[in-house]
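Final position of the sequence shown in this note's numbering is 322; the numbers increase by one with none missing.
Beneath this line is the structure, given in structure tokens, with notes to follow.
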Amino acid sequence: MPKLGTAAGTLEVLRKYDFHFQKKYGQNFLIDPNKLEAIVEAAGVGEEDCVLEIGPGIGTLTQYLAERAGSVIAVEIDQALIPILSDTLSEYPNVTVINEDILKVDIARLSREKNAGRPFKVVANLPYYITTPIIMKLFESHAPIDLITIMVQTEVAKRMQEGPGSKEYGALSLAVQYYSRPEIVAHVPAGCFIPAPKVGSSVIRLTRYEEPPVKVQDEAFLFRLIRASFNQRRKTLINGLGNAEGLAVTKAEAAEALSTLGIPENVRGEALSLEQFARLSDLLGKKGAAQYTQQCAQSDRQEESES
Ligand code: SAM
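Here's what the structure looks like:
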């Protein structure tokens, strides 16, 4: 099987297997060797690494990774690609393909079983329809992962890097920056894929922090607070939080907390830094968390009595 990563090589494989792209799986295969090299280089993949690749497609990036890494575990949802992958990766004994939805994979367990619990490097040309859920899963599952190098839509890459005041700044920026240091490392034009996506693409590297840059008493509450603050972007923070379901914070409590922090009452969520969200979370958290637990318990009881 020849090395993939060119238009001719990719078309040959697609024809041989009569493969039809599935739009629902966000399938855009890379056909530019320079960009493929650039991704592997940015991820700093070496023999000591076990790489977790999400969505290998026909195995193009996988081949490049397998040549440098100690081992590669590639998780692909589309069953039609599995026989193709056994062909295109037949010369790479260090690759394991798993036919599964990445959102259902227990990554911590995978690392215990395949990498003696050591951290993975995640490298992927992500399916764009589930970029955010995948990134959040990689972080929130607390699985051992020290570096994530991924191709995403340029707009989403920018959102991850932005700080307060920009229109791209939001819940994703804060979550990514809580867990990691983001750097856009390459831009990739639509012509580098088959089929060409309708949007521009960029490669972003997320270097995971050993400790988050801010300390909070209740991480889950911090993220509920952040989500609520950006759910209604046009509202002031006080109005947004006062209306937020599942947060159990009143407008008066939000106003008091802002005043304690010396933040103007009419502030919007997009003006607050991660540090300010962390302080706000600590001020509102205990009360909000207690009421939230009470609410959950009440609705559980209600569901039980209805069933
Ligand atoms: N890595 C290949 C490349 O660069 O040419 C293909 C990348 S393509 C943008 C995204 C891949 O992710 C497709 O192969 C698609 O089938 C797969 N995929 C989509 N949703 C997935 C999911 N939930 N879990 C695992 N793989 C998924």
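Idealized CB from N, CA, C, for every residue including glycine.
Q: Give the DSSP-derived three-state secondary structure of V120 in the structure shown.
A: Here V120 sits in coil by DSSP.
Q | Secondary structure of L19, DSSP reduced to three states | A | L19: coil per DSSP, three-state reduction.
Q) Got a sec: does the ligand SAM put a non-hydrogen atom nearer than 7 Å to the Cβ of L76? A) Relative to the ligand SAM, L76 has its C-beta within less than 7 Å of a heavy atom.
Q) How about T251 and R223: are their beta carbons less than 8 Å apart? A) Annotated as distal: T251 and R223, with beta-carbon spacing of 8 Å or more.
(Q) Can you tell me whether D102 is helix, strand or coil according to DSSP? (A) Helix at D102.
Q: Pick helix, strand or coil for A89, following the three-state DSSP scheme.
A: Three-state result, A89: strand.
Q: Could you tell me which of C65, G300, L295, Y193 sits nearest to S126, measuring between CA atoms?
A: Among C65, G300, L295, Y193, the Cα nearest to that of S126 is on C65.
Q. Should D116 be listed as close to the ligand SAM, given that the test is whether its C-beta is under 7 Å from any heavy atom?
A. Indeed, a heavy atom of the ligand SAM lies less than 7 Å from the Cβ.
Q.
the ligand SAM and P210: does the residue's C-beta get closer than 7 Å to at least one heavy atom of that ligand?
A. Of the heavy atoms belonging to the ligand SAM, none sits nearer than 7 Å to the Cβ of P210.
Q: Please look up how many angstroms separate the CB atoms of T75 and G20, rounded, as I've assumed it's under 8 Å.
A: Rounded, the Cβ-Cβ distance is 5 Å, consistent with contact.
Q: Starting from the N-terminal side, write out each stretch of the beta strand (DSSP E) that is 3 residues or longer and does not extend beyond the segment 175-248.
A: DSSP assignment within the segment 175-248 yields the following whole beta strand (DSSP E) runs of 3 residues or more, N-terminal first: 195-203, 216-223.
Q.
For I122, which residues in the same chain have their Cβ closer than 6 Å to its Cβ, ignoring the five residues on either side in sequence?
A. S156, A158, listed in sequence order.
Q. Looking only at its own chain, which residues have a Cβ that is under 6 Å from the Cβ of A22, when we skip the five neighbours before and after it?
A. In the same chain as A22, and ignoring 5 residues on each side of it, the C-beta atoms closer than 6 Å to its own belong to I46, in chain order.
Q | Nearest residue (CA-CA) to K129, options M175, L29, S86 | A | Ranking the options by Cα distance to K129, first place goes to S86.
Q) Under three-state DSSP, which class holds L67? A) The DSSP-derived three-state label of L67 is strand.
(Q) Taking contact to mean 3 or more Cβ pairs, one atom from each stretch, closer than 8 Å, check whether the segment 261-281 and the segment 202-219 are in contact. (A) Fewer than three beta-carbon pairs drawn from the segment 261-281 and the segment 202-219 are found closer than 8 Å, and the two stretches are therefore not classed as touching.
Q.
I need the DSSP call for S322, collapsed to helix, strand or coil.
A. Caution is warranted here: a pLDDT of 49 is assigned to S322, below 50, making its placement in the model unreliable, and the coordinate value is therefore given only provisionally. Residue state, collapsed to three classes: coil.
Q. Do I88 and T111 have their CB atoms nearer than 8 Å?
A. Yes, the pair counts as a contact, with Cβ atoms nearer than the cut-off.
Q.
When you compare the segment 202-214 with the segment 253-261, are there three or more beta-carbon pairs, one atom per stretch, that lie closer than 8 Å?
A. With the cut-off at 8 Å, the segment 202-214 and the segment 253-261 do not touch.
Q: Measure the C-alpha to C-alpha separation of G277 and V191 and round it to an integer number of angstroms.
A: G277 and V191 have their alpha carbons spaced roughly 26 Å apart.
Q: Compare the C-alpha of G206 against each of E290, F245, P48, K18 and name the closest.
A: Across the set E290, F245, P48, K18, the C-alpha of P48 shows the shortest separation from the C-alpha of G206.
(Q) Quick check on S322: buried or exposed, where buried means 16 or more other Cβ atoms within 10 Å of its Cβ? (A) Below a pLDDT of 50, predicted positions are generally treated as unreliable, and S322, at 49, falls in that range; the measurement from the model is reported next regardless. Label assigned to S322: exposed.
Q.
If you measure between the beta carbons of Q37 and D93, is that distance less than 8 Å?
A. Judged by beta-carbon spacing, D93 lies within the 8 Å limit of Q37, meaning their Cβ atoms are closer than that value.
Q. Could you give the C-beta distance for T147 and L118, rounded to a whole number, given that I count them as a contact under 8 Å?
A. Contact flag wrong, Cβ pair sits at about 11 Å.
**Q.** Exposed unless 16 or more other CB atoms sit within 10 angstroms - verdict on P99
**A.** A small fix is needed here, since residue 99 is Ile in this sequence, not Pro. Buried, by the Cβ-count rule.
Q.
Less than 6 Å between C-beta atoms, sequence neighbours within five positions excluded: which residues of the same chain meet that for V200?
A. Correct list, in chain order: A57, V218, R220.
Q.
Can you give me the C-alpha to C-alpha distance between I203 and E280, rounded to a whole angstrom?
A. In the sequence as displayed, the identity of residue 203 is Val instead of Ile. Cα-Cα distance, rounded: 42 Å.
Q.
By the three-class DSSP mapping on this structure, what secondary structure does L162 have?
A. Here L162 sits in strand by DSSP.
(Q) If I follow the unbroken alpha helix (DSSP H) through I113, where does it start and stop? (A) Here I113 belongs to no alpha helix (DSSP H); instead the beta strand (DSSP E) covers 110-114.
Q: Indicate whether Y194 and L289 have their beta-carbon atoms separated by less than 8 Å.
A: No, these two residues do not count as a Cβ contact at 8 Å.
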